[in-house]
Amino acid sequence: MNRGSKQNATDSTKAIAYQFCIALEKCFELNEGQSVIIEYYGDVSISGKTQIEVKNYKRSLSNLDQNFWKTLKNWMEDEFPRENFQSFILCTTQQISLKSEFLTWNEISRKEKLEILKKIFEEYQLKKRKDKNTVEYLNYVMSQNRRENLNFILDRFTIQSSHYNYQDKYKKIKEIYSKPIPKSSQEKFINSLIGFIISPKISNENKWEITYNLFISEVQELTKRLKDESVIFPEKIKIKEIKNSEYMDSLFVKKIKKIDYHEVIIEAISDYIHTNSIAIEDFKIGSKFKQLQDYKNDIHENYKIKYRFAKRNASQINTNNSAKDFYDNFLSENPPSFSTYNTVPSYFRRGLIHNMANSDKTFNIKWNLDDE
Numbered sequence: 233m234n235r236g237s238k239q240n241a242t243d244s245t246k247a248i249a250y251q252f253c254i255a256l257e258k259c260f261e262l263n264e265g266q267s268v269i270i271e272y273y274g275d276v277s278i279s280g281k282t283q284i285e286v287k288n289y290k291r292s293l294s295n296l297d298q299n300f301w302k303t304l305k306n307w308m309e310d311e312f313p314r315e316n317f318q319s320f321i322l323c324t325t326q327q328i329s330l331k332s333e334f335l336t337w338n339e340i341s342r343k344e345k346l347e348i349l350k351k352i353f354e355e356y357q358l359k360k361r362k363d364k365n366t367v368e369y370l371n372y373v374m375s376q377n378r379r380e381n382l383n384f385i386l387d388r389f390t391i392q393s394s395h396y397n398y399q400d401k402y403k404k405i406k407e408i409y410s411k412p413i414p415k416s417s418q419e420k421f422i423n424s425l426i427g428f429i430i431s432p433k434i435s436n437e438n439k440w441e442i443t444y445n446l447f448i449s450e451v452q453e454l455t456k457r458l459k460d461e462s463v464i465f466p467e468k469i470k471i472k473e474i475k476n477s478e479y480m481d482s483l484f485v486k487k488i489k490k491i492d493y494h495e496v497i498i499e500a501i502s503d504y505i506h507t508n509s510i511a512i513e514d515f516k517i518g519s520k521f522k523q524l525q526d527y528k529n530d531i532h533e534n535y536k537i538k539y540r541f542a543k544r545n546a547s548q549i550n551t552n553n554s555a556k557d558f559y560d561n562f563l564s565e566n567p568p569s570f571s572t573y574n575t576v577p578s579y580f581r582r583g584l585i586h587n588m589a590n591s592d593k594t595f596n597i598k599w600n601l602d603d604e
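Take the numbering used here: the last position of the sequence shown gets the number 604, and nothing is skipped along the way.
Next up, the structure:
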C-alpha cells in the first residue's frame, strides 16, 4: 500500500469512528420511544425527528463544497422519506469559510437560503472550467422540477460546523456521560457502548437500529458491572492534628525503637492512625471485617517468609542496619488487592502492619533480627 492509499484508509477509518461517536451521543439523547438508526436513511438518524449527515474533513466549507451539495441532493431524492423528519443537519468538522455564503445559514429564512443557492448556482454557470460532480449536484438541487422538495428541506436544514474532531468528540462524550462510572473504568464504559451499537444484535438485514429501551438497558447493565468491578478505596480521612507523643509508648513504636530507626517513627504513627480510622469506619462489621482479617493473615504469612530470609542474611557485625533494610523492604512492597477494590493505597498496608505489630496476641511482628 503506497503512502496515499494508507492516508486514505486512515481518513476513512477516522470518518467511520467519528460517525459512531455521533451515533453514540445521539443514543444518550434519546427520549422514550425513539431510536437511533445508522446507515439506513443516511449516516445517523433519530426516528421521527432528525436526519444527520456526518462529515470529518479538514478543509473549509466553501460555497461549492460537495459535502453540502451532495448532502442536499440526497435529501431531495424522490425515494428519500423527508416527511419522516422534523430537521436535517449537516454535522461537519469543517469550519465555514469566511468568504462563504453559508456563514449565516442557520439564522436566515428559507427564502433567503434559496436566494443564496441561486446566486452560487448562477455564478458557477459562468465559470469556464467546471468539476463534473459539482455540476451534477448543483443541476440536480436547482432543478425547477424539484423545487418543492428543496423548499421542504431548506425550512428544516441547519449546518453544525467546526464540530469536534473524533478525539475531542470522544473525550467530550466520556466527560459528560461516564460521570457515574469510576474514573478508571470510564474509557471502558464508552468503548463498550461503541462496541454495543456496532454489534450483530443491533444490526440486521433490514435496519441498523438502537432503540431507547435497548440502549438504556445496556447502559444500566454496563454501569452496574463496572461499578461492581471498580470499587474505589475509601478516601483517606483527614486528621487535623496528630499528637505523636501519645503513641511513643505503643508496642509498634517500641519495636521500631528497638532497631534504632527513630527517623521513621512519625511516618509509622501517621500510617497507623489513618489506617485505624479507615478500618474502624468501613471494615468493622460484616463480610468486610472477615476480608480484613484474611488480608492481615496474608500479610503475616508473607512477613514470616521475608523475616526468615532477612534473618539468615543479616550482618553479624551490625544487625540493626540489616533490620532497618528488612523494615524498609517489607513496608515498601506494593499492597496486594483487597476485597473488591481496584487499588489499595500503600499507607493502608503499612498502617495495617503497624496495627498487627501493636499486639503479640495474634501476630508476632517484629523488626529486630537478633532475637531467638
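Glycine included, every Cβ here is placed at the ideal spot set by N, Cα and C.
Judged by beta-carbon spacing, Leu349 lies beyond the 9 Å limit of Leu322, meaning their Cβ atoms are not closer than that value. 9 Å or more divides the Cβ of Lys345 from the Cβ of Phe384. Per DSSP, the continuous beta strand (DSSP E) segment holding Glu285 begins and ends at Thr282 to Lys287.
Its Cα nearest to that of Tyr396, the residue Lys290 stands out among Met374, Glu478, Lys290 and Asn476. Nearest Cα to Glu441 within the set Ala247, Gln266, Tyr250 and Ile284: Gln266. When DSSP states are grouped into helix, strand and coil, Thr336 belongs to the coil group.
In this structure, Leu601 lies near Ala555, with their beta-carbon atoms less than 9 Å apart.
The three-state reading of DSSP puts Ser267 in strand, counting E and B together.
Assigned with DSSP and collapsed to three states, Phe384 falls in helix. Taking a contact as a CB-CB distance under 8 Å, the pair Tyr273 and Pro313 counts as one, their CB atoms being some 7 Å apart. Annotation for Val276: the continuous beta strand (DSSP E) segment containing it runs Val276 to Ile278. Using a Cβ distance threshold of 9 Å, Tyr444 and Glu264 count as a contacting pair. Annotation note: the segment 349-395 contains the following uninterrupted beta strand (DSSP E) runs of length 3 or greater, listed N- to C-terminal: 389-392. Among the bridge pairs identified by DSSP, Phe515 is matched with none. The three-state reading of DSSP puts Leu524 in helix, counting H, G and I together.
Approximately 34 Å separates the beta-carbon atoms of Lys401 and Pro577; this is outside 8 Å, ruling out the contact. Straight-line measurement puts the Cα of Lys543 at about 11 Å from the Cα of Asp557. Scanning Pro568, Ile413 and His506 for the CA closest to the CA of Lys456 turns up Ile413. Inter-residue distance for Ile505 and Gly583 is about 7 Å (C-alpha atoms, whole angstroms). Sorting Asn587, Glu450 and Asn550 by C-alpha distance to the C-alpha of Ile491 places Asn550 at the top. Just so you know, the alpha carbons of Lys411 and Tyr579 end up roughly 27 Å apart. Exposure of Ile537 is indicated by the presence of fewer than 16 other C-beta atoms within 10 angstroms of its C-beta. Boundaries of the beta strand (DSSP E) harbouring Thr324: Ser319 to Thr324, taken from the DSSP string. Taking a cut-off of 8 Å on C-beta distances, the segment 359-375 does not touch the segment 275-282, as fewer than three cross pairs fall below it. In the three-state reduction of the DSSP assignment, Glu407 falls in the helix class, which pools H, G and I. Burial of Phe320 is indicated by the presence of at least 16 other C-beta atoms within 10 angstroms of its C-beta.
Taking the C-beta atoms as reference points, Ile328 is found nearer than 9 Å to Ser393.
If you check the CB distance, Leu425 and Leu454 come in under 9 Å. Counting of Cβ neighbours within 10 angstroms places Gln326 among the buried residues, the total reaching 16 or more.
Between Thr324 and Asn288, the CB-CB gap stays under 9 Å. For Ile429 and Glu419, the gap between their C-alpha atoms comes out near 16 Å. The beta-carbon separation of Ile488 and Ile531, rounded to 17 Å, does not stay under the 8 Å limit for a contact. Per the coordinates, the alpha-carbon of Phe334 lies some 22 Å from the alpha-carbon of Asp275.
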